[in-house]
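Below: one structure, written as structure tokens.
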Amino acid sequence: MARLSQVIGQIPEALRPPRNLRDSGFRLGFNTALEVAENLHVLPSGLKARLGVYYSPPKFNFGWPMDEKKVVPTMRARDHADYLVFTSYEDPLTGDDIPILDERKTFALVQKHLEIPQPWVLRLEDNVRIDFDHEMGCLSLTNSYVNGNGTPSEEVVRRVKDFFGLDEEPRWFLDFTNTVWCPRYFFTLPNGDLIATDDF
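Straight run, no breaks: the sequence shown in this note's numbering ends on number 225.
Structure (structure tokens):
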């Protein structure tokens, strides 16, 4: 708890944990937290995860608003169709093969082409809140639950923006899979990735 008290002052009031740590959520309520998170370009250190069991912040993804429906036409329009990889599944009613984007392989190819170094990983995150009324995906390079908690260089950001034709700067989006302050256990996987669980 002492460590939480040391970093709490670095966090905007609306994104701080409830005063009663037996509760989960945000100090001023979820709606107010979401409004503040709409312009979160720099992540305060108090919102970055660390190892151990403690009352921890929600997860934030760093990137741009985007989902599968937007990725495919965007890449085709910019002559990047060669990097699109599709798989398929059989429609149980018609027996037809339905093509779907293989996100992992597609973004692995794009990452290699753009020469984006580790630890940054280009991927689509499914559930982020863009604003109060809209939830969609995020073209992400990192998140606040990653070891090191850094952000990519301006050069890496520029390469991604140029490839996808993005005008806006990346920012931190609240992730709906871990969306509130609550007790969590953070530990590292053999590959060095940081992972969180509230089942302990």
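Yeah, the Cβ is synthetic: ideal placement off N, Cα and C, and Gly gets one too.
Limits of the unbroken beta strand (DSSP E) element including residue i
| i | result |
| --- | --- |
| residue 122 | 122-126 |
| residue 59 | Careful: residue 59 lies outside any beta strand (DSSP E), inside the alpha helix (DSSP H) at 55-62. |
| residue 213 | 207-213 |
| residue 81 | 77-81 |
| residue 119 | Here residue 119 belongs to no beta strand (DSSP E), and DSSP marks it neither H nor E. |
Distance between residue j and residue i (C-alpha atoms, nearest Å)
| i | j | result |
| --- | --- | --- |
| residue 39 | residue 97 | 36 Å |
| residue 123 | residue 100 | 20 Å |
| residue 21 | residue 35 | There is no way to answer for residue 21, as the model of the chain reaches only from 26 to 225. |
| residue 184 | residue 73 | 25 Å |
| residue 208 | residue 87 | 23 Å |
| residue 46 | residue 94 | 40 Å |
| residue 89 | residue 194 | 8 Å |
| residue 213 | residue 167 | 16 Å |
| residue 180 | residue 139 | 10 Å |
| residue 66 | residue 199 | 12 Å |
| residue 222 | residue 71 | 19 Å |
| residue 114 | residue 108 | 20 Å |
| residue 48 | residue 58 | 16 Å |
| residue 119 | residue 191 | 38 Å |
| residue 127 | residue 83 | 28 Å |
| residue 147 | residue 42 | 30 Å |
| residue 44 | residue 116 | 50 Å |
| residue 153 | residue 121 | 32 Å |
| residue 170 | residue 137 | 23 Å |
Which listed residue (the options) has its alpha carbon closest to that of residue i
| i | options | result |
| --- | --- | --- |
| residue 64 | 124, 37, 93, 176 | 37 |
| residue 176 | 68, 60, 52, 45 | 68 |
| residue 197 | 131, 223, 220, 165 | 165 |
| residue 131 | 106, 45, 84, 221 | 106 |
| residue 55 | 215, 221, 204, 223 | 204 |
| residue 149 | 162, 78, 143, 115 | 162 |
| residue 144 | 91, 44, 33, 219 | 219 |
| residue 103 | 206, 201, 188 | 188 |
| residue 206 | 182, 79, 62, 60 | 79 |
| residue 125 | 111, 116, 133, 137 | 111 |
| residue 50 | 75, 81, 76 | 81 |
| residue 151 | 169, 133, 201 | 201 |
Bridge-paired residues (DSSP) for residue i
| i | result |
| --- | --- |
| residue 255 | Given that the chain is displayed from residue 26 to residue 225, the structure contains no residue 255 and the question cannot be resolved. |
| residue 112 | 125 |
| residue 167 | 87 |
| residue 162 | None; residue 162 has no bridge partner. |
| residue 221 | 211 |
| residue 198 | 86 |
Limits of the alpha helix (DSSP H) - the one that residue i falls within
| i | result |
| --- | --- |
| residue 98 | 93-102 |
| residue 183 | 179-189 |
Chain C within 7 Å of residue i, Cβ atoms only
| i | result |
| --- | --- |
| residue 57 | Protein chains in the displayed structure number just one, and chain C is not present. |
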